[in-house]
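A.B. asks: Below is a structure I'd like to ask you about.
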Amino acid sequence: MKLLYSPASPYARKVLVLAHETGQDGAITVETATPSPTAGAPDIARHNPLGKVPTLILEDGACLYDSRVICEYLDARSRGARLFPEGEARWDALVRQALADGLLDAALNARYERVLRPEPLRWDAWDAGQIGKITAALDRIEAVVADMPPLDIGTVAIACALGYLDYRYPDLAWREGRPAAAAWYAAFETRPSMTATTPPKG
647 MKLLYSPASP
657 YARKVLVLAH
667 ETGQDGAITV
677 ETATPSPTAG
687 APDIARHNPL
697 GKVPTLILED
707 GACLYDSRVI
717 CEYLDARSRG
727 ARLFPEGEAR
737 WDALVRQALA
747 DGLLDAALNA
757 RYERVLRPEP
767 LRWDAWDAGQ
777 IGKITAALDR
787 IEAVVADMPP
797 LDIGTVAIAC
807 ALGYLDYRYP
817 DLAWREGRPA
827 AAAWYAAFET
837 RPSMTATTPP
847 KG
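Residue numbers (the working numbering): 647 to 848.
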């Protein structure tokens, strides 16, 4: 299998963390691709018409996207650990994954507004709205973190989301006023799956 990814993508990192946790990282060849919200991405688009990472190319040439689909596929083929629980616990895990992915959606929208949009065209209300969503998601994480299981797709997604805030939004200081989430992440980020997938600095 080949994974098209960007080293800075938190969604691609989620896939790689799950692959590590389920013992499948050795079965995946990673290839750096260059997604862009404004320009074409031909190296990705010939496999994924959305031109986004992560995109997983299977041995038979079939392609899977987005991160949620890829994670569930890898989990289903795992012969060891499984990160998608069954029964009622599944819905809790999926909701936490959706919470983390929604936080990331808002973070990326704000980053595009701040970095890619020409300065005279930037919309302060849009930026504030995205930061508001990030803040609300962080507050929910603080409220639920004590009841989370040690490891499932929800905890992986939340860890990758918090790691992205450290990477792209250090000034947000998300740990302030959220001691439970800060303590949880300090422990979780030491997992080998997280240290092996830390995005490059810069």
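Each residue gets a CB set at the ideal place from its N, CA and C atoms; glycine is no exception.
Assuming R742 and G778 make a contact with CB atoms under 8 Å, what is their CB distance in whole Å?
C.D. replies: If you number the sequence shown from 1, residue 742 lands on position 96. If you number the sequence shown from 1, residue 778 lands on position 132. About 20 Å; that fails the 8 Å criterion.
A.B. asks: I'd like to confirm something about T701: is its beta-carbon nearer than 8 Å to some heavy atom of the ligand GTP, or not?
C.D. replies: No copy of the ligand GTP occurs in the structure displayed, which carries no ligand at all.
A.B. asks: Counting along the chain, where does the alpha helix (DSSP H) carrying T841 start and finish?
C.D. replies: The residue given as residue 841 occupies position 195 in the sequence shown. Taken as a continuous stretch (DSSP letters only), the alpha helix (DSSP H) holding T841 covers 838–841.
A.B. asks: What does the alpha-carbon distance come out to for the pair D812 and A727?
C.D. replies: For the purposes of this step, residue 812 is taken as residue 166 along the sequence shown, with counting starting at 1. For the purposes of this step, residue 727 is taken as residue 81 along the sequence shown, with counting starting at 1. Distance between the alpha carbons of D812 and A727 is about 28 Å.
A.B. asks: Which runs of the alpha helix (DSSP H) spanning at least 4 residues fall entirely within the segment 691–746, listed in chain order?
C.D. replies: With a minimum length of 4 residues, the continuous alpha helix (DSSP H) runs that stay inside the segment 691–746 are 713–722.
A.B. asks: Would you say S713 and D671 are within 9 Å of each other, going by their C-beta atoms?
C.D. replies: Translated into the one-based positions of the sequence shown, residue 713 becomes position 67. Translated into the one-based positions of the sequence shown, residue 671 becomes position 25. Result no, Cβ atoms of S713 and D671 do not sit closer than 9 Å.
A.B. asks: Assuming L754 and V699 form a contact by the criterion Cβ under 8 Å, report the distance between their Cβ atoms to the nearest whole angstrom.
C.D. replies: Indexing the sequence shown from 1 puts residue 754 at position 108. Indexing the sequence shown from 1 puts residue 699 at position 53. Not quite, the Cβ-Cβ distance comes to about 12 Å (not below 8 Å), so this is no contact.
A.B. asks: Taking M647 as the reference, which of L720, G686, G697 has the closest Cα?
C.D. replies: Working through the sequence shown from its first residue, we reach residue 647 at position 1. Cα-wise, what sits closest to M647 is L720.
A.B. asks: Under 8 Å, with one C-beta from each stretch per pair, do the segment 817–834 and the segment 731–741 reach the 3-pair mark?
C.D. replies: At 8 Å Cβ cutoff, the stretches do not touch.
A.B. asks: Could you please give me the residues that DSSP links to L650 through a beta bridge?
C.D. replies: Taking the sequence shown and counting its residues from 1, the one referred to as residue 650 is at position 4. DSSP lists E677, T701 as partners of L650.
A.B. asks: Rounded to whole angstroms, what is the Cα-Cα separation between R659 and T678?
C.D. replies: Numbered from its first residue, the sequence shown carries residue 659 at position 13. Numbered from its first residue, the sequence shown carries residue 678 at position 32. Cα to Cα, R659 sits roughly 12 Å from T678.
A.B. asks: Are the CB atoms of V791 and I804 nearer to each other than 9 Å?
C.D. replies: By 1-based counting over the sequence shown, the position of residue 791 is 145. By 1-based counting over the sequence shown, the position of residue 804 is 158. In contact: V791 and I804 (Cβ atoms closer than 9 Å).
A.B. asks: Report the residue from G669, V663, C717, W830 whose alpha carbon sits nearest the alpha carbon of A789.
C.D. replies: Taking the first residue of the sequence shown as 1, we reach residue 789 at position 143. Comparing Cα-Cα distances from A789 to each of G669, V663, C717, W830, the minimum goes to W830.
A.B. asks: Beta-carbon separation of T675 and I690 under 9 Å?
C.D. replies: Working through the sequence shown from its first residue, we reach residue 675 at position 29. Working through the sequence shown from its first residue, we reach residue 690 at position 44. No, these two residues do not count as a Cβ contact at 9 Å.
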